[in-house]
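Q: Before anything else, here's the structure in question.
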């Protein structure tokens, strides 16, 4: 399976490492964000461009008949992107796997499985401690903020605290920055603490985590309790998930099952290389 | 979807509760273990007979064109049962889901997902505390043992202690029972404690649990850590898993994807009732 990587930031670099470690893949090329894509020679394009640009790049690649994988992560738009790309995939006889990261992504698989085996109940997904890109960018965009890091801290039952570390420009008005930040849509509904530091770069760290909890009912039996925890390097996990999904997408294309799919629509066995019978012997 | 239940022990009763709670299923009948199955009118047969009898009952049902679901749990024979039933399923244009419980079953899905997202590493599955049926039956079969309960206690890294509670027959030779039990294949490799109690029935409890741990490598990044825990009512969870798999199997049959499959070969979304787009909006 020949794999092209489009976009070469944190995620693109992590995907490169996972492709090179995969026994069934060859890296055919790394394309930068603004490169001309007409020269791509690959079976699969793994899209590591900024999330808002994913649909545009996916369409370009699908029209060339490539399998695409992305980690599009705007939860509210996933169903629409799936529908739009799916039409193109069927027209071009190919497959896209979208929203293939850890959340959305592998966490979605856990949530779906738990919903199936204890259908009535509540699942709480608690994120962190770890950096939120969206919140960090929002904080950094405020006038007078030189750099910002917003850490997501899980308080349980899906409630999160925001710890915002900011580095100030010379002569910045801290009181005004605080007022602006606390009114911002990203922060106004959460407990938010602002801490001025001499260097945000000195704090940066790609560690992240999840604590996903469900208490539910199987049949008529209550008090079925489930918990999934992980502490991970964020881009490394995202990159590896995308590579596993590239494998599944390629198999689905070979089977003529064209369309755009989220991870909960893939059979987990297709994420793995190797002989299915051997995998069943080892993992079932 | 019309569902028949074959076998009406702990699991059969739990399946009945889950079928009655399912919005998309009708219970067409409950058949006892030795009933004549020729009169079954259903789309799906959920097999709740003892595990060793599963292949025989599955074959009977498949030959009638029924979808079958079982929780066959002899790990070493799953691949063979899958192969044998798969041939029959294709001949009869139907679908079987085998080994559909929690281990094998939903735990297998978690193991497969974690293997895919951190391909290098070790997964430990720690069971219990909870009753092991196989060990309990082995202990009960020893001469002089009136009743027995073998509890599986997790010691971590996949190592387990056996706590065996036995109720003696009048005049039984405890020393001989202890020697026999500790030499038995089920017990000889594990730390085993034998405790004589006045009533095993007074101790029985269908609670069980799992602690599944993986430390692995994503790409070239080590120290990716994952943990899945559950504490559950054992037959209730098994019954609910079988019902969810019945739904997935029925969909695969409608799509013409005939054969025998383990849970890691099913798309998790197919375990759930309802509109796929709505499920994606809620769970991805």
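Residue numbers (our numbering), protein chains in the order written: chain A, 5 to 288; chain B, 5 to 288.
Glycine included, each C-beta is placed from N, C-alpha and C at the ideal position.
1) If you draw a straight line from the C-alpha of residue 210 of chain A to the C-alpha of residue 244 of chain A, how long is it?
2) Per DSSP, what kind of secondary structure is residue 227 of chain A in: helix, strand or coil?
3) Is residue 150 of chain B helix, strand or coil by DSSP?
4) Residues in the segment 39-64 of chain B with C-beta within 9 angstroms of chain A's C-beta atoms, listed in sequence order?
5) Based on Cα-Cα distance, which residue from A/224, A/250, A/249 and A/241 lies nearest to residue 238 of chain B?
6) Is residue 184 of chain A near the ligand SAH - that is, is its Cβ less than 6 angstroms away from at least one heavy atom of it?
7) What ranges does the alpha helix (DSSP H) occupy inside the segment 71-105 of chain B, keeping only unbroken runs of at least 4 residues that lie completely in it?
8) What are the partner residues of residue 181 of chain B, as DSSP defines its beta bridges?
9) I believe residue 120 of chain A touches residue 275 of chain B by the beta-carbon criterion, under 8 angstroms. Please report the beta-carbon distance rounded to the nearest angstrom.
10) Out of A/212, A/218 and A/259, which one is the CA nearest neighbour of residue 236 of chain A?
11) Could you spell out the range, first to last residue, of the alpha helix (DSSP H) harbouring residue 216 of chain B?
12) Using the DSSP secondary-structure output, state which residues sit across from residue 164 of chain A in a beta bridge.
13) So with Cβ pairs under 7 angstroms, would you call residue 216 of chain B a contact of chain A?
14) Could you give the C-beta distance for residue 154 of chain A and residue 168 of chain A, rounded to a whole number, given that I count them as a contact under 8 angstroms?
15) Can you list the alpha helix (DSSP H) stretches of 4 or more residues lying completely in the segment 37-70 of chain B, in chain order?
16) Please report the straight-line C-alpha distance between residue 142 of chain B and residue 184 of chain B, rounded to a whole angstrom.
17) Measure the CB-CB distance between residue 31 of chain A and residue 53 of chain A and report whether it falls below 7 angstroms.
18) For residue 268 of chain A, which option in B/258, B/34, B/282 and B/259 has the closest C-alpha, if you only look at C-alpha atoms?
19) Tell me the DSSP bridge mates of residue 115 of chain B?
20) Is it true that the CB of residue 215 of chain A sits closer than 7 angstroms to the CB of residue 133 of chain A?
21) Exposed or buried, which one is residue 161 of chain A when buried takes at least 16 other CB atoms within 10 Å?
22) Across the segment 87-105 of chain A and the segment 250-262 of chain A, are there enough close Cβ pairs to call them in contact, namely three or more that are closer than 8 angstroms?
23) Please work out which residues of its chain come closer than 6 angstroms, Cβ to Cβ, to residue 34 of chain A, disregarding the five sequence neighbours upstream and downstream, and give them in chain order.
24) What residues match up with residue 208 of chain B in a beta bridge as DSSP calls it?
25) Which residue from B/24, B/74 and B/43 puts its Cα closest to that of residue 242 of chain B?
26) In or out: residue 27 of chain B buried (at least 16 other Cβ within 10 Å) or exposed?
27) Decide if residue 89 of chain A is buried, meaning its Cβ has at least 16 other Cβ atoms within 10 Å, or exposed.
28) Give every residue of the same chain whose Cβ lies closer than 6 angstroms to the Cβ of residue 128 of chain A, excluding the five residues on either side of it in the sequence, and list them in chain order.
29) Using a C-beta to C-beta distance shorter than 8 angstroms, which residues of chain A count as neighbours of residue 268 of chain B?
30) Counting only the same chain and skipping the five closest in sequence on each side, list residues whose C-beta sits under 8 angstroms from that of residue 66 of chain B.
31) Ends of the beta strand (DSSP E) at residue 195 of chain B?
32) Which residue wins for smallest C-alpha separation from residue 55 of chain A, given the options A/226, A/80, A/230 and A/190?
33) Please report the straight-line C-alpha distance between residue 78 of chain B and residue 85 of chain A, rounded to a whole angstrom.
34) What are the start and end residues of the alpha helix (DSSP H) that includes residue 241 of chain B?
A: Walking through what the data contain:
1) C-alpha separation (whole angstroms): 15 angstroms.
2) Residue 227 of chain A carries a strand assignment under DSSP once its states are collapsed to helix, strand and coil.
3) Secondary structure of residue 150 of chain B (DSSP, three-state): strand.
4) Cβ contacts with chain A: none found.
5) It is A/224 whose Cα lies nearest to the Cα of residue 238 of chain B.
6) Absence of the ligand SAH is noted for the structure shown, with no ligands found whatsoever.
7) With a minimum length of 4 residues, the continuous alpha helix (DSSP H) runs that stay inside the segment 71-105 of chain B are 82-95.
8) The secondary-structure analysis by DSSP pairs residue 181 of chain B with nothing; it has no beta-bridge partner.
9) Going by Cβ atoms, the distance from residue 120 of chain A to residue 275 of chain B rounds to 4 angstroms, so yes, they are a contact pair.
10) The option with the nearest alpha carbon to residue 236 of chain A is A/212.
11) No alpha helix (DSSP H) holds residue 216 of chain B; the beta strand (DSSP E) holding it covers 211-222.
12) Residue 164 of chain A is bridged by DSSP to A/158.
13) Interface residue (Cβ-Cβ distance to chain A less than 7 angstroms): residue 216 of chain B is not classified as such.
14) That belief holds up - the Cβ atoms of residue 154 of chain A and residue 168 of chain A are roughly 5 angstroms apart, short of 8 angstroms.
15) Runs found: 58-67.
16) Looking at the backbone, the Cα of residue 142 of chain B and that of residue 184 of chain B are separated by about 11 angstroms.
17) No.
18) Measuring C-alpha to C-alpha distances from residue 268 of chain A to each of B/258, B/34, B/282 and B/259 identifies B/282 as the nearest.
19) Looking at the DSSP output, residue 115 of chain B bridges to nothing.
20) No, they are not a contact pair.
21) Result: exposed.
22) With a cut-off of 8 angstroms on Cβ pairs, the segment 87-105 of chain A is in contact with the segment 250-262 of chain A, counting three or more such pairs.
23) For residue 34 of chain A, same chain residues with a beta-carbon under 6 angstroms away, outside a window of 5 residues either side, are 9 and 12 in chain order.
24) Under the DSSP definition of a beta bridge, residue 208 of chain B lacks any partner.
25) Of all alpha-carbon atoms in B/24, B/74 and B/43, the one lying nearest the alpha-carbon of residue 242 of chain B is that of B/74.
26) It counts as exposed.
27) In summary, residue 89 of chain A is buried, with 16 or more beta-carbon neighbours lying within 10 Å of its beta-carbon over all protein chains present.
28) Contacts found: 161, 162 and 217.
29) 271, 272, 273, 283, 284, 287 and 288, listed in chain order.
30) The beta carbon of residue 66 of chain B sits closer than 8 angstroms to those of 72, 89, 92, 93, 96, 98 and 100, all from its chain and outside the five residues before and after it, given in chain order.
31) Start and end: 195-200.
32) Nearest of A/226, A/80, A/230 and A/190 to residue 55 of chain A, Cα basis: A/80.
33) Those two C-alpha atoms are separated by around 43 angstroms.
34) Here the alpha helix (DSSP H) through residue 241 of chain B covers 238-258.
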